[in-house]
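Asker: Input: one structure, supplied below.
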Amino acid sequence: MGIRFILMVNKQGQTRLAQYYEYLTLEERRALEGEIVRKCLARTEQQCSFVEHRNYKIVYRRYASLFFLVGVDNDENELAILEFIHLLVETMDRHFGNVCELDIMFHLEKAHFMLEEMVMNGCIVETSKANILTPIQLMEKSS
Amino acid sequence: MNPFSSGTRLRDMIRAIRACKTAAEERAVVRKECAAIRASINENDQEYRHRNLAKLMFIHMLGYPTHFGQMECLKLIASAGFPEKRIGYLGLMLLLDERQEVLMLVTNSLKQDLNHTNQYIVGLALCALGNICSAEMARDLAPEVERLLQFRDPNIRKKAALCSIRIIKKVPDLAENFINPAAALLKEKHHGVLITGVQLCTDLCKVSSEALEHFRKKCTEVLVKTLKDVANSPYAPEYDVGGITDPFLHIRLLRFLRVLGQGDADASDSMNDILAQVATKTESNKNAGNAILYECVETIMSIEDNGGLRVLAINILGRFLSNRDNNIRYVALNMLMKAISVDAQAVQRHRATILECVKDSDASIRKRALELVYLLINESNVKPLTKELIDYLEVSDQEFKGDLTAKICSIVEKFSPEKIWYIDQMLKVLSEAGNFVKDEVCHALIVVMSNAPDLHGYTVRALYKAFQASSEQESLVRVAVWCIGEYGDMLVKNVGMLDVEDPITVTESDAVDVAEITIKRHTSDLTTKAMALIALLKLSSRFPSCSERIRDIIVQQKGSLVLELQQRSLEFNSILEKHRNIRSALVERMPVLDEATFSGRRAGSVPTTLSPSTMASVKVPNGVVKPAAAPLVDLLDLTSDDAPAPSSSSGDFLNDILGVDLSPASAHSGASQAAKNGTDVLMDILSLGTPPAQSSSSTPDIFSLSQNQKSPVASLDGLSTSSPVSAHAASPQAASSIIDLLDGLGPSPPAPENNGPAYPSVVAFESSSLRVMFDFSKSPGNPQITVIKATFTNLSSNIYADFVFQAAVPKFLQLHLDPASGNTLPASSSGTVTQTLRVTNSQHGKKSLVMRIRIAYKINGKDVLEEGQINNFPREL
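Listed in order, the protein sequences are those of chains A and B. For the first sequence, full-length UniProt numbering begins at 1 and goes up steadily by one. For the second sequence, full-length UniProt numbering begins at 1 and goes up steadily by one.
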């Protein structure tokens with residue numbers, strides 16, 4: 001399994017979405033999130049998008065005020081994860097229309113549904129935006 | 001209306017949380033909201049269940065406990081409607097984990113949903129199962145998942161594939177059931193099914209070698225073709241990323257090919273062409289293309305050798321390394337680490353670029369580059385590379401200095417071509433980043449210095465100069481102070497000048513200055529101060545002209561608030577004042593430290609001497625913990641491993657009398673004891689904190705007997721309080737001065753112990769059927785040990801068979817039982833069985849022996865058990 005967790009964090013370091021694919025206790029999560037956010041947010045635009053932390057490699061990318069942080073195993077392809085983050089953002093864009101922090105906050109469950117269609121158990125399931133969004137659109141229509 | 005009643009909408013709650021200015025406010029809002037949700041749960045409120053769970057997920061994300069909502073998830077999953085199930089499953093995946101008991105309750109719902117007619121519900125159940133399934137659930141639900149791998153809708157097949165990965169990881173035994181269905185997935189066209197199918201096959205290979213063989217034989221061709229199709233596919237808008245079709249699928253395919261090609265020449269051969277095509281044709285101006293190239297290079301490096309491909313791969317890495325994008329450079333460094341085992345020569349060509357990366361402003365790149373440089377270093381390039389690294393040490397970030405220093409030290413130790421170079425480099429590191437140098441590195445340096453007698457003078461002068469330039473580096477100061485203490489005379493007299501050196505003029509008082517500055521500086525830590533104090537003691541004998549001044553400095557430390565320093569200064573002062581005749585022997589140079597033992601000890605898992613942690617817990621008699629003494633003792637204590645070194649007679653004698661190698665390294669102490677010289681005694685003085693129990697290593701000479709009875713602390717108390725009268729009255733003979741040293745406890749006559757006095761025999765146990773007699777004797781020279789001969793007599797008229805005697809003693813005693821002379825006891829006192837017991841009394845003189853016994857035997861095949869307690873041992877045992 002490649003992806004260990006996915007975090008979305010705003011500029012102030014507040015978590016906006018957290019999805020873990022391995023078990024961590026609440027305290028461990030909070031500590032981990034704090035450490036990672038501190039490390040990544042301190043970096044400049046020019047520095048590379050990879051940070052090694054504990055036994056994770058964090059691949060992160062910033063979109064406006066939101067940071068997308070993905071924790072992966074050490075042998076994962078970092079560039080591919082970067083591309084995956086972009087795919088995630090594009091998918092959300094397509095659904096919300098120019099996605100922003102508030103969209104994710106107020107539609108947390110939808111963000112999770114999308115993520116669920118894209119990643120399962122730390123592996124990528126689907127890379128086609130249409131395929132990812134179909135079930136979500138169906139559900140919206142029915143309700 | 002109360003805004004936080006359970007009726008608040010999710011949106012309102014989020015607004016309220018967002019509006020919080022402080023963490024405390026947020027906590028208050030969350031607390032109220034949680035209370036409302038609990039109340040709503042207790043009322044079993046159907047209407048708000050959905051909303052409550054959505055709120056809980058938000059609260060959970062913020063990092064607050066939400067376990068009370070777990071049962072709600074299960075209820076939602078069990079309900080019929082799709083939206084309820086949807087949120088229920090999401091809650092299940094977020095709020096629960098596979099370790100919770102509650103999860104068992106969900107197995108049945110999952111099973112029903114996996115068989116549901118609505119494929120979206122099946123999809124939900126698969127997704128949940130794939131994320132949280134435990135080993136038991138895996139066993140229960142594997143058949144359903146296996147069936148779903150052939151479901152008509154590809155969206156279900158892809159989820160079933162990933163769910164299977166979880167199952168085979170939890171229960172590897174199930175792997176073989178999945179091999180065939182997984183292989184079928186590889187022939188699909190749907191990208192989602194392909195990418196998950198390839199992933200499933202890769203993971204199957206990890207858990208089952210059978211699967212690996214199967215896929216190698218049957219699927220390599222298929223995969224090569226699939227990769228070819230994807231790589232050459234026309235523009236596909238849904239999967240297109242920057243002109244490349246589905247880079248994610250590319251990467252998964254390359255990764256699986258790597259698994260198949262590794263260690264199999266045929267499979268590797270069949271994928272050569274497509275790898276060459278991907279490596280040459282992929283566009284490298286976009287991230288997606290580079291991601292594919294990166295994966296392709298790794299596959300080429302891992303599969304069986306093909307010279308042409310490898311050249312191609314190394315060239316790609318070279319291009320990456322010179323890229324301006326930091327991300328690309330990072331992955332290049334990462335990959336070069338792997339390539340180094342394949343083609344070290346090719347990686348060496350990029351050395352200059354890699355070295356530049358060590359100096360990058362980006363910490364991630366620096367770290368990778370440093371690790372790579374570390375791997376690149378060999379005997380031939382160590383000098384220039386080390387120079388570069390040390391030069392960079394000057395300007396590097398504070399937070400990087402720790403890593404960098406550790407690596408440089410390790411390189412220098414591993415590859416140093418000659419001692420002078422080693423010492424030079426280490427001095428540079430110490431001057432630049434002494435605060436980051438680990439203690440053991442300093443120890444290693446001191447060992448090397450001590451082993452280079454022709455460089456002693458050079459080293460001490462270099463250290464003196466370095467100290468003048470950068471006295472704020474703690475480790476440098478320690479090494480400098482140690483060297484000046486040992487080789488101070490060489491510093492002043494310019495002994496052993498090398499051609500490369502500029503002569504310097506250092507007076508005796510300058511050398512003493514170093515130690516004085518160190519001991520008086522507030523920033524020096526305890527270990528450094530303690531080392532400075534010892535250096536002063538040593539210098540007092542090397543520089544007689546300064547001895548008055550040194551005495552003054554030492555006397556000032558009598559008022560130190562740190563017990564350790566106070567005690568040492570008292571002791572040293574009394575050596576200076578009252579024992580001039582033995583001082584020079586006491587403070588002789590340390591014998592050459594044995595490199596082999598030292599490195600062996602560093603490598604070995606069990607430290608032979610006091611490790612800091614054990615020392616830290618040792619208490620001096622008045623109950624003050626003195627942790628910081630440890631490194632000092634450790635450092636000095638290196639001598640205890642030494643080969644015998646020549647020593648002066650008085651020091652030797654003194655050593656024998658103080659007697660005892662206090663270090664617990666008893667294995668070494670036996671051999672080295674006899675020939676320890678004065679400095680060892682000093683060390684022994686310093687290792688005073690060692691528990692008395694360990695001090696009783698065997699010293700055959702008679703004085704040590706009297707020593708054994710007292711704790712070493714007592715002897716040193718004697719040392720520091722020894723009356724001036726007795727000191728002045730001391731004859732020039734070493735022996736009597738020693739007795740003075742020990743002040744009062746010396747003369748205690750060792751005779752009684754030597755004779756091994758006789759003790760009366762006792763009847764230890766007597767019943768109507770059995771009598772046990774104990775005879776005692778003591779081994780001369782070891783009052784703690786009592787040898788007891790037990791004699792068993794049968795008073796009955798039956799023969800005792802299978803006679804067994806057992807004994808138990810309290811903790812302060814140690815008991816050793818020799819085998820009995822027989823296990824049958826003839827009837828009517830017509831014969832006896834004897835058995836020897838050896839008891840060691842660690843509280844000898846304070847507590848007397850006590851013992852509980854148990855005797856078992858058989859009369860005509862019937863078990864008999866007798867028990868008793870023995871309290872009538874002679875008191876003095």
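Every residue, glycine too, gets a C-beta built ideally from N, C-alpha and C. Nothing here was measured: the structure is a model prediction, and the numbers come from that model.
(1) Hey, is Asn42 (chain B)'s beta-carbon within less than 7 Å of any beta-carbon in chain A?
(2) Going by DSSP in three states, Ser5 (chain B) sits in which element: helix, strand or coil?
(3) Establish whether the CB of Ser65 (chain A) and some CB of chain B are separated by less than 7 Å.
(4) At the 7 Å Cβ level, is Gln47 (chain A) part of the contact set with chain B, yes or no?
(5) Within this structure, are the beta carbons of Gly63 (chain B) and Arg16 (chain A) separated by less than 7 Å?
(6) I need the boundaries of the alpha helix (DSSP H) containing Tyr120 (chain B), first residue and last residue.
(7) First and last residue of the beta strand (DSSP E) that includes Arg589 (chain B)?
(8) Taking only beta-carbon atoms, is Ser410 (chain B) less than 7 Å away from chain A?
(9) Which of the three DSSP states is assigned to Met615 (chain B) in this structure?
(10) Say whether the stretch 86 to 97 of chain A touches the stretch 39 to 55 of chain A, bearing in mind that this needs 3 or more beta-carbon pairs closer than 8 Å, one atom from each stretch.
(11) Suppose contacts are defined by Cβ-Cβ distances below 7 Å. Is Gln150 (chain B) in contact with Val102 (chain B) by that definition?
(12) Taking beta-carbon pairs under 8 Å, can you tell me which members of the stretch 133 to 158 of chain B lie near chain A?
(13) Less than 8 Å between the CB atoms is what I'm expecting for Cys123 (chain A) and Ile165 (chain B), so what's the real figure, rounded?
(14) Leaving out the 5 sequence neighbours to the left and right, which residues in its chain are closer than 8 Å to Gln277 (chain B) when beta-carbon positions are compared?
(15) Would Ile124 (chain A) pass as an interface residue toward chain B - the criterion being a Cβ-Cβ separation below 7 Å?
(16) Note down, in chain order, each residue of its chain lying with its Cβ closer than 7 Å to the Cβ of Glu26 (chain B), except the 5 sequence neighbours on either side.
(17) Only counting the same chain, and skipping five residues up and downstream in sequence, which positions put a Cβ closer than 7 Å to that of Lys11 (chain A)?
(18) Establish whether the CB of Met114 (chain A) and some CB of chain B are separated by less than 7 Å.
(19) If you draw a straight line from the C-alpha of Asp642 (chain B) to the C-alpha of Pro591 (chain B), how long is it?
(20) Looking at Met490 (chain B) and Val460 (chain B), is the spacing between their C-beta atoms short of 7 Å?
(21) Should Gln262 (chain B) be flagged as near chain A, meaning a C-beta pair shorter than 7 Å?
(22) Does Thr91 (chain A) come within less than 7 Å of chain B when only Cβ atoms are used?
(23) Assuming residue 878 (chain B) is part of the beta strand (DSSP E), what are its boundary residues?
(24) Starting from the beta carbon of Leu32 (chain A), find every residue of chain B whose beta carbon is closer than 9 Å, and list them in chain order.
(25) So, using beta-carbon positions, are Ser842 (chain B) and Arg875 (chain B) closer together than 7 Å?
(26) Could you check whether the Cβ of Gly130 (chain B) sits closer than 7 Å to any Cβ belonging to chain A?
(27) Within 10 angstroms of the Cβ of Met104 (chain B), are there 16 or more other Cβ atoms? Answer buried if so, exposed if not.
(28) Starting from Pro544 (chain B), find everything on chain A with Cβ-Cβ shorter than 9 Å and list it in chain order.
(29) What residue range does the alpha helix (DSSP H) around Thr840 (chain B) cover?
(30) In the DSSP assignment, the alpha helix (DSSP H) including Ile300 (chain B) goes from what residue to what residue?
(31) Starting from Arg61 (chain A), trace the alpha helix (DSSP H) in both directions and tell me its first and last residue.
(32) Give the C-beta separation of Ala91 (chain B) and Leu56 (chain B) to the nearest angstrom, bearing in mind that I take them to be a contact with Cβ-Cβ under 8 Å.
(33) Just to make sure I have the definition right: I need the residues of chain A whose C-beta is within less than 7 Å of the C-beta of Glu283 (chain B). Which are they?
(34) Looking at the secondary structure, which residues open and close the beta strand (DSSP E) in which Ile8 (chain A) lies?
(35) Who does Asp502 (chain B) pair with in a DSSP beta bridge?
(36) Could you compute how far the alpha carbon of residue 893 (chain B) sits from the alpha carbon of Ile408 (chain B)?
Answerer: According to the structure data:
(1) Numbered from its first residue, the second sequence carries residue 42 (chain B) at position 42. With 7 Å as the cut-off, Asn42 (chain B) does not count as an interface residue toward chain A.
(2) What you label residue 5 (chain B) is simply residue 5 of the second sequence in a count that begins at 1. For Ser5 (chain B), the predicted model reports a pLDDT of 43, less than 50, meaning its position is unreliable and no value from the coordinates is stated.
(3) Locating residue 65 (chain A) in the first sequence gives position 65, where the first residue counts as 1. False, the Cβ-Cβ gap to chain B never drops below 7 Å.
(4) As a position in the first sequence, residue 47 (chain A) is number 47, starting the count at 1. Yes, Gln47 (chain A) lies at the interface with chain B (some Cβ there is under 7 Å from its Cβ).
(5) Position 63 of the second sequence, counting from 1, holds the residue named residue 63 (chain B). Position 16 of the first sequence, counting from 1, holds the residue named residue 16 (chain A). No, these two residues do not count as a Cβ contact at 7 Å.
(6) Locating residue 120 (chain B) in the second sequence gives position 120, counting from the first residue. Per DSSP, Tyr120 (chain B) belongs to the alpha helix (DSSP H) from Gln119 to Ile132.
(7) Numbered from 1 along the second sequence, position 589 holds the residue referred to as residue 589 (chain B). Counting along the chain, Arg589 (chain B) falls outside any beta strand (DSSP E), and DSSP gives it neither H nor E.
(8) Walking along the second sequence from the start, residue 410 (chain B) turns up at place 410. No, Ser410 (chain B) does not count as interfacial toward chain A.
(9) Stepping through the second sequence from its first residue, residue 615 (chain B) is reached at position 615. Only weak support is given to the placement of Met615 (chain B): the predicted model assigns it a pLDDT of 38, under 50, and the value that follows is read from those uncertain coordinates. Helix.
(10) no
(11) To locate residue 150 (chain B), count along the second sequence from 1; it is residue 150. To locate residue 102 (chain B), count along the second sequence from 1; it is residue 102. Taking 7 Å as the Cβ cut-off, Gln150 (chain B) and Val102 (chain B) do not qualify as a contacting pair.
(12) Asn155 and Lys158
(13) For the purposes of this step, residue 123 (chain A) is taken as residue 123 along the first sequence, with counting starting at 1. For the purposes of this step, residue 165 (chain B) is taken as residue 165 along the second sequence, with counting starting at 1. Indeed they touch by this definition, with Cβ atoms about 7 Å apart.
(14) Taking the second sequence and counting its residues from 1, one reaches residue 277 (chain B) at position 277. Within the same chain, Gln277 (chain B) has close Cβ partners Lys228 and Ala231.
(15) Position 124 of the first sequence, counting from 1, holds the residue named residue 124 (chain A). Yes, its Cβ sits closer than 7 Å to a Cβ of chain B.
(16) Taking the first residue of the second sequence as position 1, residue 26 (chain B) is located at position 26. The answer, listed in chain order, is Ile17 and Cys20.
(17) As a working mapping, residue 11 (chain A) is identified with position 11 in the first sequence. The answer, listed in chain order, is Ser65.
(18) Translated into positions along the first sequence, residue 114 (chain A) becomes position 114. No - not a single Cβ of chain B is within 7 Å of the one on Met114 (chain A).
(19) To locate residue 642 (chain B), count along the second sequence from 1; it is residue 642. To locate residue 591 (chain B), count along the second sequence from 1; it is residue 591. Because Asp642 (chain B) sits at a pLDDT of 39, beneath the cut-off of 50, its placement in the model cannot be relied upon, and the point is left open.
(20) Within the second sequence, the letter at position 460 stands for residue 460 (chain B). Within the second sequence, the letter at position 490 stands for residue 490 (chain B). In contact: Val460 (chain B) and Met490 (chain B) (Cβ atoms closer than 7 Å).
(21) Counted from its first residue, the second sequence places residue 262 (chain B) at position 262. With 7 Å as the cut-off, Gln262 (chain B) does not count as an interface residue toward chain A.
(22) Locating residue 91 (chain A) in the first sequence gives position 91, where the first residue counts as 1. Not one chain B Cβ lies under 7 Å of Thr91 (chain A).
(23) Past the edges of chain B, shown from 1 to 877, lies residue 878 (chain B), and the structure says nothing about it.
(24) Position 32 of the first sequence, counted from the first residue, corresponds to residue 32 (chain A). Result: empty, since nearest Cβ-Cβ is about 11 Å, beyond 9 Å.
(25) To locate residue 842 (chain B), count along the second sequence from 1; it is residue 842. To locate residue 875 (chain B), count along the second sequence from 1; it is residue 875. No, they are not a contact pair.
(26) For the purposes of this step, residue 130 (chain B) is taken as residue 130 along the second sequence, with counting starting at 1. For Gly130 (chain B), the answer is yes, since a Cβ of chain A falls inside 7 Å of its Cβ.
(27) Counting from 1 along the second sequence, the entry for residue 104 (chain B) is found at position 104. The residue is exposed, with fewer than 16 neighbouring Cβ atoms inside 10 Å.
(28) The sequence position of residue 544 (chain B) within the second sequence is 544, counting from 1. Within 9 Å Cβ-Cβ: nothing; Pro544 (chain B) doesn't reach chain A, min ~58 Å.
(29) Position 840 of the second sequence, counted from the first residue, corresponds to residue 840 (chain B). Here Thr840 (chain B) belongs to no alpha helix (DSSP H); instead the beta strand (DSSP E) covers Thr832 to Asn841.
(30) As a position in the second sequence, residue 300 (chain B) is number 300, starting the count at 1. Looking at the DSSP string, the run of the alpha helix (DSSP H) that includes Ile300 (chain B) is Asn287 to Ser302.
(31) If you number the first sequence from 1, residue 61 (chain A) lands on position 61. Careful: Arg61 (chain A) lies outside any alpha helix (DSSP H), inside the beta strand (DSSP E) at Tyr56 to Tyr63.
(32) The count along the second sequence starts at 1 and reaches residue 91 (chain B) at position 91. The count along the second sequence starts at 1 and reaches residue 56 (chain B) at position 56. For clarity, residue 91 (chain B) is Gly in the given sequence; the question names Ala instead. Confirmed, Cβ separation roughly 7 Å.
(33) Counting from one through the second sequence, the residue named residue 283 (chain B) turns up at place 283. Correct list: empty, because the minimum Cβ distance to chain A is about 13 Å.
(34) One-based indexing of the first sequence puts residue 8 (chain A) at position 8. It is worth fixing the name first, because residue 8 (chain A) is Met in this sequence and not Ile. Ile3 to Asn10 is the span of the beta strand (DSSP E), which, as asked, contains Met8 (chain A).
(35) Here residue 502 (chain B) is taken as the residue at index 502 of the second sequence, counted from 1. According to DSSP, which records beta bridges pairwise, Asp502 (chain B) is partnered with nothing at all.
(36) In this structure chain B extends from 1 to 877, so residue 893 (chain B) is not present and cannot be described.
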